[in-house]
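Notes follow once the structure below has been shown.
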Amino acid sequence: MSSVAEPKTSRVLVAGASGYAGALAAVLIDKHPHLELSGVTSRSYTGQRLDELFPHHRVAMELEELDLDRHTDGVDAAIVAYPHGAAAQTVAALRERGLKVIDLSADFRLRDQAVYEEWYVPHTAPELLDGAVYGLPERYRDELRGADLVANPGCFPTAAILALAPLAGHLSDAVIDAKTGVSGAGRAATDKTHFVSVTENVTPYGVGRHRHMPEIDQELAAAGATGFVSAFTPHLLPLDQGELLSCYATLREPVDVHGLFEAAYADEPFVELVDRAPGVRDVRGTNLCRLFVHVDARTQKVFVFAAIDNLWKGTSSQAIQNLNLMLGYEETTGIL
1 MSSVAEPKTS RVLVAGASGY AGALAAVLID KHPHLELSGV TSRSYTGQRL
51 DELFPHHRVA MELEELDLDR HTDGVDAAIV AYPHGAAAQT VAALRERGLK
101 VIDLSADFRL RDQAVYEEWY VPHTAPELLD GAVYGLPERY RDELRGADLV
151 ANPGCFPTAA ILALAPLAGH LSDAVIDAKT GVSGAGRAAT DKTHFVSVTE
201 NVTPYGVGRH RHMPEIDQEL AAAGATGFVS AFTPHLLPLD QGELLSCYAT
251 LREPVDVHGL FEAAYADEPF VELVDRAPGV RDVRGTNLCR LFVHVDARTQ
301 KVFVFAAIDN LWKGTSSQAI QNLNLMLGYE ETTGIL
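Under UniProt numbering, read the sequence shown as residues 1 to 336, first letter to last.
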């Protein structure tokens, strides 16, 4: 009687595990049947246990200062959950030690160094840009299999690209109106994210120059859009997590819109086409993107509504989806 060998266990480090995204990545790795959480590091909470910082995650591991030699010994992969500009050098050091790396920052998402530096900061590891794979599995699954460096997408671009990529070759223009919970701004409190500022309020931000704009433009161009520049504005809502994008697209010519979406997502395990507009609770705590498509006869526009959990499909569970592909596991393992 033959038996099927169990997949090899891979050891994974989370650098920057004291932030919302890093902490969630750590708990998903800790619960994954084929991954072992080898260590969790923090630049601000050294010596504190992760389950003290985030009791609901129940990961009883002490946060340590990153020691590249010690924390990479016998480790297969790492998730780097640092802010943009701070991640690139750590990513480069981990790659030098042979680890596969998923970067949750924006440091490797934009393929053009000049565009990155226009919107962010001077790049400290530009030599790695050409080898980085953009981590949206629905668009780059084949490239992600066995990849060494993956740039995890931003949460808004994840939803926007899934919402508009099937239409990309036919787009004339699109307005993207986004709503998001406060966790998308990270753990550091500011005047804008203070409870008193957020509660019973809705506020637009990044008007005319949000850093996710060039990422959306880049990926829709890669999907076939020509001459497209995103009109994108996010709004902060008094929610802890969750994200809803309302996209209003003008097409160059009539097409079978529903047919395009069905062809694009019929076999996608984490994209759901539904027959009513979704809300953020529909997808909370999941790796799902829920899409509702409406062809509006009155305005001759296509309305696409996309709901994701910004901490899950928008960040951490998508990182695990990518890690599964990079390491050769079933894509849905640990997040379905």
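All residues carry an ideal CB built from backbone N, CA and C; glycine is no exception.
- The beta strand (DSSP E) runs lying completely inside the region 231–301 and spanning 3 residues or more are 231–236, 243–251, 271–273, 289–296, given in chain order.
- Taking 7 Å as the cut-off, the beta carbon of residue 40 is found no closer than this to the beta carbon of residue 68.
- Closest option to residue 101, judged by alpha-carbon separation, among 12, 54, 218: 12.
- Here residue 214 has 110, 115, 119 as same chain residues with Cβ atoms under 7 Å from its own Cβ, once five neighbours each way along the sequence are excluded.
- The continuous beta strand (DSSP E) containing residue 36 extends over residues 35–41.
- For residue 180, no alpha helix (DSSP H) encloses it; the enclosing beta strand (DSSP E) starts and ends at 171–180.
- By the criterion of a C-beta distance shorter than 7 Å, residue 248 is surrounded in its chain by 174, 175, 301, 303, once the five residues flanking it on both sides are discounted.
- Annotation: residue 320 to residue 335 spans about 7 Å, alpha carbon to alpha carbon.
- Within the region 17–94, the complete beta strand (DSSP E) segments at least 3 residues long are 35–41, 77–80, listed from N- to C-terminus.
- If you draw a straight line from the Cα of residue 238 to the Cα of residue 180, it comes to about 9 Å.
- The Cβ neighbour count for residue 8, taken over all protein chains shown within 10 Å, is under 16; the residue is labelled exposed.
- For residue 327, the enclosing alpha helix (DSSP H) stretches over residues 317–327.
- The beta carbon of residue 268 lies closer than 6 Å to those of 138 in the same chain, with the five residues before and after it left out.
- The three-state secondary structure of residue 7, taken from DSSP, is coil.
- The region 69–77 makes contact with the region 92–101; the number of CB pairs closer than 8 Å reaches 3 or more.
- In this structure, residue 330 and residue 324 form a Cβ contact; the two beta carbons are roughly 7 Å apart against a cut-off of 8 Å.
- The beta-carbon separation of residue 236 and residue 265, rounded to 29 Å, does not stay under the 8 Å limit for a contact.
- Across the set 207, 251, 244, 48, the C-alpha of 251 shows the shortest separation from the C-alpha of residue 226.
- Straight through space, the alpha carbons of residue 107 and residue 22 are spaced by roughly 16 Å.
- Excluding its 5 nearest sequence neighbours in each direction, residue 294 has C-beta neighbours in its own chain below 6 Å: 303, listed in chain order.
- Take residue 166, set aside five residues on each side of it, and the residues of its chain with a beta-carbon closer than 7 Å to its own are 260, 261, 264, in chain order.
- Checking the DSSP bridge columns, you'll see residue 303 partnered with 248, 294.
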